[in-house]
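Asker: Sharing a structure below in structure tokens format, with a few things to ask.
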Amino acid sequence: MKFKNKIDVAYYSEWDEIKPWKNKLRANNINLLQWPDEIINPNKIKIALVWNAPLEFWNSFPNLRLVHSLGAGVDHIDTSNIDSKIKITRLVDPDLSSQMAEYIIMSVLICQRKFFCYLQQNKISMWKQLQSISKDEFIISLLGYGKIGRYVNKRLNLLGFETKIWTRTKKSTNSKNYFFGDKQLSKCIEGSNCLISLLPLTKYTKNVVSLNEFKVLGSNSYFINVGRGQTVNEKDLIYALNNNIIKGAILDVFEKEPLKRNHPFWKMDNVITTPHIAAVTRVTDYAVASFVNNIKALYKSKPLKNLISKNKGY
């Protein structure tokens, strides 16, 4: 069902093209307008669809009521610049969960099947078979257990991997290997072969993974980060990788993006980097419907789905 009256929505993204969203939303009588070029009357704008908008964007719309993130994360939205009455929602789409699971499974298998070693052997034309750890003995610790984390955990378990789960605050879960809070972080990591971070960036999770966690993880273990770069102390990670404190890392997110050309990660043999592509936003029917349904809920004064807590930061 499309809206009776046309609704103007402001759009800004550093990465995503407007055209796919514009075409999909047009069918619902939603007029997506590129900021700043297509905005004629900013006072009419009550809704925004954004990724990493600059300060000038937020100062442009005095009547803004709803901001929808183009991704699962919302740390790109500086809530200190936004009126507390404005509602912020994030993209939740099974497609994102599926992509993330694919990336993590690929990364785990690279570590478990010792592909880091084989890549180095390729460079020196060495033919040498290595004994890998079996899946049921390759223990994985997952940091973060939201919708994506739950899906990833399920997929890993279906493949035969044993997982341990850690969250900052206590959550409901049936997992027998569940830990929560700062005091239980090391206990979760201890004895793991692989540590995977899916953590969002909040004031509570900044640098939550540091040298102490890498020391607990151990010299034969791996670190995978698909959450946010600033949840990890990057200097500590570099030190751990250079000093055999951990064996290797697969990184999709970084403290500062894009990664500078002279960054140490580029030249480290025990690091694989990707440019924040573990789960990219695609304009699926599900994503569009979620956004449209929240607009309908807003105008009917009904509860919005995937609403973030400004205090928690997610």
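With this note's numbering, you'll find the sequence shown wraps up at 329, consecutive numbering, no jumps.
Just so it is clear, CB atoms sit at the ideal spot from N, CA and C, and this is done for glycine as well.
A quick note: this is a predicted structure, and the numbers were derived from the prediction, not measured.
Distance, Cα to Cα, A302 vs L70?
Answerer: Whole-angstrom Cα-Cα distance: 26 Å.
Asker: Using the C-alpha atoms, what's the distance from G159 back to N44?
Answerer: If I take the Cα positions, the gap works out to 38 Å.
Asker: So L64 and F306 are supposed to be a Cβ contact under 8 Å. How far apart are they, rounded?
Answerer: The Cβ separation is near 7 Å, so the contact holds.
Asker: Classify E32 as buried or exposed, calling it buried when 16 or more other Cβ atoms lie within 10 Å of its own Cβ.
Answerer: Classification of E32: exposed, given that the 10 Å Cβ count is below 16.
Asker: Taking C-beta to C-beta, are S122 and L85 nearer than 8 Å?
Answerer: For S122 and L85, no; Cβs fall outside 8 Å.
Asker: Kindly indicate the opening and closing residues of the alpha helix (DSSP H) around K282.
Answerer: K282 -> no alpha helix (DSSP H), and no H or E assigned at all.
Asker: Would you grab the beta carbon distance between L226 and N248 for me? Rounded to a whole angstrom, and I think it's under 8 Å.
Answerer: L226 to N248, Cβ: 7 Å. Contact.
Asker: Does the stretch 306-322 come within contact of the stretch 277-293, defined as at least 3 CB pairs closer than 8 Å?
Answerer: Not touching, per the Cβ criterion.
Asker: Indicate the three-state DSSP secondary structure (helix, strand or coil) for D93 in the structure shown.
Answerer: Of the three classes helix, strand and coil, the one that applies to D93 here is coil, per DSSP.
Asker: Decide if R183 is buried, meaning its Cβ has at least 16 other Cβ atoms within 10 Å, or exposed.
Answerer: Result: buried.
Asker: Here's a check: name, in chain order, each residue in its chain whose Cβ is nearer than 6 Å to the Cβ of K129, leaving out the five neighbours to either side.
Answerer: So the list reads L145 and S147, once near-sequence residues are dropped.
Asker: Indicate, with yes or no, if the ligand PLP has a heavy atom lying under 7 Å from the CB of R41.
Answerer: No copy of the ligand PLP appears in this structure; indeed no ligand is present at all.
Asker: Compare the Cα-Cα distances from D108 to each of K162, I97, N208 and Q135 and report the closest residue.
Answerer: Of the listed residues, the one whose Cα sits closest to D108 is K162.
Asker: Nearest-angstrom Cα distance between L48 and Y166?
Answerer: Their backbone Cα atoms lie some 34 Å apart in a straight line.
Asker: Enumerate, from N- to C-terminal direction, the unbroken beta strand (DSSP E) stretches of 3 or more residues contained entirely within the stretch 18-49.
Answerer: Taking only runs of at least 3 residues, the beta strand (DSSP E) segments lying wholly in the stretch 18-49 are 22-28 and 45-49.
Asker: Can you confirm whether the stretch 177-194 touches the stretch 130-140 when touching is taken to mean that 3 or more C-beta pairs between the two stretches lie within less than 8 Å?
Answerer: Output reads no: the stretch 177-194 does not touch the stretch 130-140.
Asker: Of the choices E270, I101, A294 and A68, whose alpha-carbon is the least far from that of I113?
Answerer: The sequence given here places Ser at residue 113; Ile does not occur at that position. When only C-alpha atoms are compared, the closest one is A294.
Asker: Tell me the start and end of each unbroken alpha helix (DSSP H) in the stretch 179-241 that is at least 4 residues and wholly inside, in chain order.
Answerer: Taking only runs of at least 4 residues, the alpha helix (DSSP H) segments lying wholly in the stretch 179-241 are 200-204 and 226-232.
Asker: Go through its chain and collect everything with a Cβ distance to I287's Cβ below 6 Å, but skip five positions before and after it.
Answerer: The answer, listed in chain order, is I265.
Asker: Please classify V247: does DSSP put it in a helix, a strand, or coil?
Answerer: It is a strand residue.
Asker: For a quick check, are the C-beta atoms of L232 and L213 less than 8 Å apart?
Answerer: No, the pair does not count as a contact, with Cβ atoms beyond the cut-off.
Asker: Identify, in the order they occur along the chain, each residue of the same chain with its Cβ nearer than 7 Å to the Cβ of M115, setting aside the five sequence neighbours on each side.
Answerer: Here the set comprises I163, V167, V241, A293 and A294.
Asker: Considering only residues of the same chain and omitting the five flanking positions on each side of K19, which have a CB-CB separation below 8 Å?
Answerer: Hits under 8 Å: N44.
Asker: One question on the structure: do N208 and I155 come within less than 8 Å of each other, judged by their Cβ atoms?
Answerer: Yes; because the gap between Cβ atoms is below 8 Å, this pair is in contact.
Asker: Taking the beta carbon of S99 as the centre, do at least 16 other beta carbons fall within 10 Å, making it buried, or is it exposed?
Answerer: Exposed, since its Cβ has fewer than 16 Cβ neighbours within 10 Å.
Asker: If we call anything under 8 Å between Cβ atoms a contact, is T104 one with N321?
Answerer: Against a cut-off of 8 Å, the Cβ pair of N321 and T104 comes out as a contact.
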